[in-house]
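**Q** One structure is given below, represented as structure tokens, and several questions about it will come after.
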Amino acid sequence: MLKQHPAIGIVGQGAVGLLAASQLALRHLPCHLLTRDPQLATLVLNFRQQQQDHSLLLNCRQPQRPLPLLLVPVKAFSVVQALQQWLPSCAPDADIVLCHNGMGTLELAQSQLKSSQKLWFASTTHGALKSGPHRLQHTGVGRTMLGPINALACHSSPPAAVLAAALGPLQVVTDILPVLWQKLAVNAVINPLTALLMVKNGELTQPQYRRQIDLLIDEFCLVAQAKGQMFDPQTLCQMVLDVATNTAGNFSSMQQDRALQRPDELEFITGFLLKTATEAGVAIPAHQQLYQQLRAVKPA
Ligand SMILES: NC(=O)c1ccc[n+]([C@@H]2O[C@H](COP(=O)([O-])OP(=O)(O)OC[C@H]3O[C@@H](n4cnc5c(N)ncnc54)[C@H](OP(=O)(O)O)[C@@H]3O)[C@@H](O)[C@H]2O)c1
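Sequence positions in the sequence shown follow my numbering and run 214 to 513.
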């Protein structure tokens, strides 16, 4: 049944996109990598997963028929442009699946779709690292939560089979917003702090950071509450420390982006929190200070 499924399009050759494409390739399921280079026909990928090495040939040919399903695993700041570029390759009733960290893209993305297209969000805890143009490592086995974003998706069947093959195990939820807010809480602590201090995630488990983490989480809960999302600060704090412990040897994506002088997702993590807090009339000075410190040292 799954083998009959028309090809999914995956935007880009980033870590998450290649992870999804490699999982599909391992299962002999069709997919198109939609790359910036229109001349690229195939991509050889050396993929390492659970101590096993695979060499995979990925299809980068332009799709000949409109795509029924598009996965958009790009950084939050690339979502609008990626949709502009690739929505014309999609069927009028296609399923479009966003997959990124941070928040603040949903309204714009919805406005870019046809009214007959369904918008979904996939939030994943898988870890993937690209250590070269042809080399990918599955650094952390996670899972993915999928939920509807626009009204049409709320009343449609989710593209669960293909996404489970690509980024499973998959859990489909009717309301993805609490999942996105919870992930934002973790990202709004670990990403900016590790990027500012230029340390691995595990450093944040040291006792000297505990007060600042508590403060950041307390402020986060005030903003979330203003948007109808209720969290227990102690539980969230423990979640942040668990993630820092479980990924102790990793650098966060924001730390890596800044170390390599690439654009980062600060605007969609702390920036989104600040904007939402201002709209709600909530003061979040600890996040504000972190944002300003990071902006002050941001490479030109
Ligand atoms: N990596 C992880 O372990 C992980 C885990 C969970 C969540 N996430 C989140 O998932 C998102 C994707 O992460 P990632 O690590 O895969 O990022 P990434 O490695 O930067 O991948 C994004 C890729 O998309 C490409 N791209 C952007 N716009 C495009 C377009 N219009 N057409 C074709 N290609 C386009 C980028 O190309 P250029 O480089 O040329 O712009 C880049 O290769 C981020 O929000 C990240 O925070 C990542």
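Glycine is no exception: its CB is placed at the ideal position from the N, C-alpha and C atoms.
Remember, it's a predicted structure, so these values are computed and weren't measured experimentally.
Who are the near neighbours of P498 in its chain, counting only those whose CB is closer than 8 Å to its CB and skipping five residues on each side?
**A** Within the same chain, P498 has close Cβ partners E432.
**Q** Cα separation between T338 and V386?
**A** Rounded to the nearest angstrom, the two C-alpha atoms are 15 Å apart.
**Q** Residues in the same chain with beta-carbon distance under 8 Å from A378, minus the five sequence neighbours each way, listed in chain order, please.
**A** Around A378: L215, Q236, L237, R240, L242.
**Q** Flag this pair as yes or no: are the beta carbons of L269 and I223 separated by less than 8 Å?
**A** No; because the gap between Cβ atoms is not below 8 Å, this pair is not in contact.
**Q** In terms of residues, what are the limits of the alpha helix (DSSP H) holding I430?
**A** Taken as a continuous stretch (DSSP letters only), the alpha helix (DSSP H) holding I430 covers 423 to 439.
**Q** Hey, is the region 480 to 491 in contact with the region 309 to 328, meaning 3+ C-beta pairs nearer than 8 Å?
**A** Touching, yes, given that three or more Cβ pairs across the two stretches are closer than 8 Å.
**Q** I need the straight-line Cα distance from Q384 to Q277, nearest angstrom please.
**A** Cα-Cα distance, rounded: 31 Å.
**Q** I'd like to confirm the pairing. Which residues does DSSP put opposite K361 in its beta bridges?
**A** Reading the sequence as shown, one finds Pro at residue 361 and not Lys. P361 pairs with W333.
**Q** Looking only at its chain, what residues have a beta carbon closer than 7 Å to the beta carbon of I403, apart from the 5 residues adjacent to it on each side?
**A** Cβ neighbours of I403 beyond the five flanking positions: N414, L417, V453, V456, A457, S465.
**Q** Any heavy atom of ligand 1 closer than 7 Å to the Cβ of G317?
**A** G317: no, Cβ never under 7 Å from ligand 1.
**Q** One question on the structure: do M467 and P405 come within less than 8 Å of each other, judged by their Cβ atoms?
**A** Their beta carbons are under 8 Å apart, which means M467 touches P405 by this criterion.
**Q** Taking the beta carbon of L321 as the centre, do at least 16 other beta carbons fall within 10 Å, making it buried, or is it exposed?
**A** Looking at its Cβ environment, which holds fewer than 16 other Cβ atoms inside 10 Å, L321 is exposed.
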